[in-house]
Structures are given as C-alpha cells and as structure tokens.
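Working notes for the structure below.
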Amino acid sequence: ETGVTQTPRHLVMGMTNKKSLKCEQHLGHNAMYWYKQSAKKPLELMFVYSLEERVENNSVPSRFSPECPNSSHLFLHLHTLQPEDSALYLCASSQEFGVAGRRDTQYFGPGTRLTVL
Amino acid sequence: KQEVTQIPAALSVPEGENLVLNCSFTDSAIYNLQWFRQDPGKGLTSLLLIQSSQREQTSGRLNASLDKSSGRSTLYIAASQPGDSATYLCAVERGSTLGRLYFGRGTQLTVWP
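Protein chains in written order, with the working numbering: chain A, 171 to 287; chain B, 1431 to 1543.
In structure tokens, the structure reads:
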C-alpha cells in the first residue's frame, strides 16, 4: 500500500465502549497528526507526533488517547465518548514538523467516520 | 489566534465556467498558505502551496494568489469540469507556530455537465 491508510473506515460505538483508530503511513515521514472534522467547525488539529514524541496536544479531552509506537503507525484510543464526538477523524503525515525552510506538505488518509450513540 | 474564512460556502456552476474561490485570514504573519481538495469519503489532497514570499502558484487549470497585507488568497479554476466537484479548503501556517495548519470551513463546489 502507498500513502496514508486508516482503519476502520466507519465505526459506530456506544458511549461506554472502548475502541481504537489506526493510521499507517508508507511515506517514510517523521511526523504524524490526528485531526477532527465535524460539520460545525473547521478542521481541528488534535495531536502531533514528531519522531514518535508527542509535540502538540491541542486541549483535547482525556477520553481521546493517542499512541505512536513507531514513526509509521499512529493510534487514537477512544473511551467513554460523547455523541458530540461523532465526526470524521483524519490522520496525516509529513516529512518533518515545525522546521523552518521546509517546503513539504501534509498527506492525509481517507479518515474514519465515527458515530457515537 | 488565526481565523480563516472561506467564501462562498457552496457554489454550483455549469461546466466550462471560470471560478474564483476566496479565502481570508486574520493574522498576516503567515509562513505559507495551501489550498486542499477533499472528495466525499476521502482525505485532503494538497493542490497548491504558496510560500509567504510568493505572490502566486499555478498548476494546470488552477492558479492561487496570495496578498499577505490584505490577508487574502484566491483560487482560480479555469474551464471548470464535473471532475472538479469537491470541497476546497484553504489552510494557513503561521510563522510563530510552524507545522500547525489553520483551516477554513471550505467551499463545496458542484460543476454540472
């Protein structure tokens, strides 16, 4: 596979469930991102990992827990979510994060459509 | 805080028309500006990236301009085609928070045959 892949593509869960979203990038990049896209707001950055270290946590509730075991994989662990957490969750990667002088962009996966009942 | 606004929110045009999509941002101290395309059920694809020192970028039928002083960018699509139907997102990166993108809500474009 090439690019950025995400699984599952669709997920329905109850508020008491625990689930995980998975992202994998095949681009050899060093930075990975989680974004939330809901109908009511612009695309929101949630977390950033650079070289497997979390460098950004954009005031995300603790019911969302990221994990980056290596530079190619990123997980988002979900527990006791609320209905307002229903959204499209996008993963992205880039060669580097926050380095001046670079001219790369972020490459996005297709997203996981999450519905919380 | 950087706020990004895109106008119009939706646009429906017949095939062949030339289009202009607008993006405005509140903080002119940007590092770069990007235009992305998002198709239903898919992620974002970068179309054009303009560095803060540049005025415009072109790729095929797409041309993006940047006016930092006025906080505006436009995406020009020439001779639109049904395959151009998608949501177009504008994103800016600030010099003070490199790597972090601030997105607009997008313009949903429909081009009908």
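Just so you know, even glycine gets a beta-carbon here, dropped at the ideal spot from N, CA and C.
**OP:** Compare the C-beta of Val218/A with all C-beta atoms of chain B and state if any pair is closer than 8 Å.
**Re:** yes
**OP:** Return the chain-ordered ranges of every alpha helix (DSSP H) run that is complete within the region 1447–1525 of chain B and spans a minimum of 4 residues.
**Re:** none
Original post:
So, is Ala257/A buried or exposed, given that buried needs 16 or more other C-beta atoms within 10 angstroms?
Top reply: buried
Original post:
Out of Val225/A, Gly281/A and Gln252/A, which has the shortest C-alpha to C-alpha gap to Gly1529/B?
Top reply: Val225/A
**OP:** Grab the span of the beta strand (DSSP E) containing Ala257/A for me, first residue to last.
**Re:** Ala257 to Ser264
Original post:
Between Ala1521/B and Tyr1506/B, is the Cβ-Cβ spacing less than 8 Å?
Top reply: no
**OP:** With a threshold of 16 other CB atoms inside 10 Å of the CB of Pro236/A, please say whether the residue is buried or exposed.
**Re:** buried
Original post:
What is the DSSP secondary structure of Glu1433/B, reduced to helix, strand or coil?
Top reply: coil
**OP:** Measure the alpha-carbon distance for Asn1452/B versus Thr1540/B and round it to whole angstroms.
**Re:** 16 Å
Original post:
Within this structure, are the beta carbons of Pro264/A and His199/A separated by less than 8 Å?
Top reply: According to the sequence as given, residue 264/A is Ser; it is not Pro. In this structure, His199/A lies closer than 8 Å to Ser264/A by Cβ.
**OP:** Determine the direct distance from the alpha carbon of Thr1504/B to that of Thr1527/B, and round the result to whole angstroms.
**Re:** 23 Å
Original post:
I think His243/A touches Ser190/A, with their Cβ atoms under 8 Å apart; what is that distance to the nearest whole Å?
Top reply: Actually they are not in contact, since the Cβ atoms of His243/A and Ser190/A sit about 11 Å apart, beyond 8 Å.
Original post:
DSSP three-state call for Thr1527/B: helix, strand or coil?
Top reply: helix
Original post:
What residues in the region 1453–1479 of chain B bring their beta carbon closer than 7 Å to a beta carbon of chain A?
Top reply: Gln1464, Gly1471, Lys1472, Gly1473, Leu1474, Ser1476 and Leu1479
Original post:
Do you know how far the Cα of Pro1444/B is from the Cα of Phe245/A?
Top reply: 42 Å
Original post:
Is any beta-carbon of chain D found at less than 8 Å from that of Gly1501/B?
Top reply: Among the protein chains in the structure shown, which are A and B, there is no chain D.
Original post:
Are the C-beta atoms of Gly1490/B and some chain A residue less than 8 Å apart?
Top reply: no
Original post:
If you draw a straight line from the C-alpha of Glu1447/B to the C-alpha of Ser1510/B, how long is it?
Top reply: 5 Å
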